[in-house]
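Using my numbering, read the sequence shown as starting at 2 and increasing by one per residue. For glycine and all other residues, C-beta sits at the position ideal for the given N, C-alpha and C. None of the values given here were measured: they were computed from a predicted structure.
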Amino acid sequence: MRYGDKASARKAVWDTLQAKRVARFPFPPHGRIPNFAGAREAAERLLAHPVFRRVRVIKVNPDSPQRWVRQLALERGITVITPTPRLKGAFRLLDPARIPRQHYAEAATLKRSGKWGADISLDELPKVDLVVMGSVAVTRDGRRLGKGHGYADLEYALLRELGNPPMPLATTVHPLQLLDAFPVAAHDTPLTLIATPDEVIEVKRRRRAPRGIDWKRLPREALEEMPVLAELRRRSGATKTRVRAASPIRFGLRPRIKARRGAACRASRGGRAR
């Protein structure tokens with residue numbers, strides 16, 4: 002099915018997951034990254050992909066369907082970085098070496114991750130090898146739709162701004178979230194891997210991913226509401242600061258600045274992102 006606008010594509014997926022009774026808690030699936038039947042199997046397929054042989058640190062969104070990615074990554078000895086709500090606690094790092102194995106499942110939940118993880122600053126973040134994003138809808142050529150707030154796109158731009166090279170971008174979805182086509186903007190981040198309970202789709206030819214943040218297009222309100230973003234802006238305004246990390250960010254902005262958030266992602270230059 003092809004859709005002429007993003008809103009229609011999102012609604013179609015949310016409605017279908019609910020109608021087919023494959024949506025899982027939390028309900029309803031509408032307005033969120035939907036949880037789905039088979040989320041664990043999709044995560045297992047993703048982590049079985051050869052790219053994970055070289056992965057030591059991943060950034061994962063905090064949404065329900067990717068809980069299995071977080072848990073299985075910990076079980077594989079992979080360090081997991083997640084954003085904290087509104088960046089009040091900066092970033093959270095889950096080190097499997099510091100968590101008892103029997104508590105990996107608990108640590109992988111948003112509600113209990115604070116018990117087992119450590120909130121860290123920009124300078125404490127390790128290099129990120131791969132990014133896992135939550136999705137509402139995707140296509141086989143790597144297009145992705147989130148909830149419509151631009152969180153994931155700006156998060157990836159921040160990762161690049163902090164010095165990380167282009168990273169693989171992956172997601173886990175239900176087969177009903179796979180659509181034929183929908184429109185995307187220049188700042189929308191393209192996917193490298195799409196895992197369902199039945200297959201892993203490798204995107205061979207995809208659009209270029211954002212290479213950083215266009216500070217001139219970022220609204221002042223964003224800097225006021227996101228402490229880490231304001232800190233990064235101060236650094237970039239003074240000198241090109243070398244840091245070891247990428248910064249996963251979870252944003253909670255007022256509606257009037259959401260529309261301008263994605264536009265602040267700088268277009269990629271040079272080669273395609275890997």
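field: Helix, strand or coil at Ala-186 [DSSP, three-state]
entry: coil
Using a 10 Å radius around the Cβ and a threshold of 16 neighbouring Cβ atoms, would you call His-1 buried or exposed? Here the chain covers residues 2 to 275 and nothing more, so residue 1 does not appear.
Review point. Hey, is the stretch 182-191 in contact with the stretch 220-230, meaning 3+ C-beta pairs nearer than 8 Å?
Key: no
Task: Rounded separation between Pro-285 and Met-168 - CA only - done: Any question about residue 285 goes unanswered here, given that the chain covers just 2 to 275.
| message | Helix, strand or coil, according to DSSP, for Ala-40 in the structure here? | response | helix
Does the separation of the CB atoms of Val-133 and Gln-72 fall below 8 Å? no
Would Leu-170 and Lys-7 qualify as a contact pair, given that the criterion is a beta-carbon distance under 8 Å?
no
| At least three beta-carbon pairs within less than 8 Å, the stretch 196-211 to the stretch 44-55 | yes
Nearest-angstrom Cα separation, counted from Gly-32 out to Leu-159: 24 Å
message: For Arg-57, which residues in the same chain have their Cβ closer than 7 Å to its Cβ, ignoring the five residues on either side in sequence?
response: Ile-79, Thr-80, Asp-130
Practice prompt. Put Leu-224 into one of helix, strand or coil per three-state DSSP.
Written response: helix
For this session: Using a threshold of 8 Å, state whether the C-beta atoms of Pro-191 and Arg-144 are closer than that.
Result: yes
request  = Take the Cβ of Ala-276 as the centre, count every other Cβ of all protein chains shown within 10 Å, and call the residue buried at 16 or more, exposed below.
outcome  = Since the displayed the chain opens at 2 and closes at 275, residue 276 lies outside it and no answer follows.
- Task: Could you tell me which of Ala-138, Gly-5, Glu-107 sits nearest to Asp-16, measuring between CA atoms?
- Result: Ala-138
Buried or exposed: which applies to Asp-189, given that a residue is buried once 16 or more other Cβ atoms fall within 10 Å of its Cβ? buried
Which of the three DSSP states is assigned to Lys-60 in this structure?
strand
With a 10 Å radius around its C-beta and 16 neighbouring C-beta atoms as the bar for buried, classify Val-14 as buried or exposed. buried
**Message:** For Phe-92, list the residues DSSP reports as bridge partners.
**Reply:** Pro-84, Ile-121
Item to check | Any beta strand (DSSP E) of 3 or more consecutive residues that is wholly inside the stretch 135-207 | outcome: 170-173, 194-196, 201-203
| task | Going by CA-CA distance only, name the one from Ala-231, Leu-177, Lys-217, Arg-235 that's closest to Val-23. | result | Leu-177
Original post:
Where does the unbroken alpha helix (DSSP H) through Ser-9 begin, and where does it stop?
Top reply: 7-20
Problem - Residues bridged to Gly-213 [DSSP beta-bridge criterion] - result: Arg-267
Next item on the list: Please determine, among Leu-233, Ile-100, Gln-19, the residue with the shortest C-alpha to C-alpha distance to Arg-161.
Entry: Leu-233
Got a sec? Which residues, its chain only, sit under 7 Å from Leu-219 by beta carbon, not counting five neighbours each side? Ala-265
Nearest to Trp-216 by alpha carbon, out of Ser-237, Pro-29, Arg-113?
Ser-237
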